[in-house]
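One structure is given below, encoded as structure tokens.
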Amino acid sequence: MEKKDFQPDTRYTVTMRDEAGKLRPANLYVYRLYDDFMIVRLTNNDGLLRKMKYDDIIKIVKTTQVRPEERFTIPDAVLKEAVWKDRNSMFRYSSAPQRGK
């Protein structure tokens, strides 16, 4: 997959390649796109923010746009590309105003 296949503040159901090289289903919430990677939250997993390469996604199964009032917010400083230079994951609580979180 490529950067043009994704949009920020969108949920995706995808087929991705895990660390062992096996294909796995996953649900993603995309926060930010960069040239070589994107910052996502695996919503069906541990909830960590992750740096994910576009090549790790094999197929997009479903795309769901997130309404502005239901978006998960993370401070821009946390999503800056420089912060993710030497990092692969981060524990960060996010907030969705309409979800009471």
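Using the numbering used here, the letters of the sequence shown correspond one by one to residues 54 to 154.
Yeah, the Cβ is synthetic: ideal placement off N, Cα and C, and Gly gets one too.
Since the model is a prediction, treat every value here as computed from it, not as a measurement.
Just to confirm, are residue i and residue j a CB contact at a threshold of 7 angstroms?
{"i": "Pro-121", "j": "Arg-85", "result": "no"}
{"i": "Thr-63", "j": "Val-83", "result": "yes"}
{"i": "Val-93", "j": "Leu-101", "result": "no"}
What's the C-alpha gap between residue i and residue j?
{"i": "Trp-137", "j": "Met-105", "result": "11 angstroms"}
{"i": "Ser-116", "j": "Val-131", "result": "For the sequence presented, residue 116 should be read as Thr rather than Ser. Those two C-alpha atoms are separated by around 25 angstroms."}
{"i": "Leu-76", "j": "Asp-88", "result": "24 angstroms"}
{"i": "Thr-66", "j": "Ala-79", "result": "6 angstroms"}
{"i": "Val-119", "j": "Thr-126", "result": "12 angstroms"}
{"i": "Glu-134", "j": "Asn-97", "result": "24 angstroms"}
Bridge partners of residue i, per DSSP?
{"i": "Met-105", "result": "Met-91"}
{"i": "Val-83", "result": "Thr-63, Val-93"}
For the alpha helix (DSSP H) containing residue i, list its first residue and its last residue.
{"i": "Val-114", "result": "Careful: Val-114 lies outside any alpha helix (DSSP H), inside the beta strand (DSSP E) at 110-118."}
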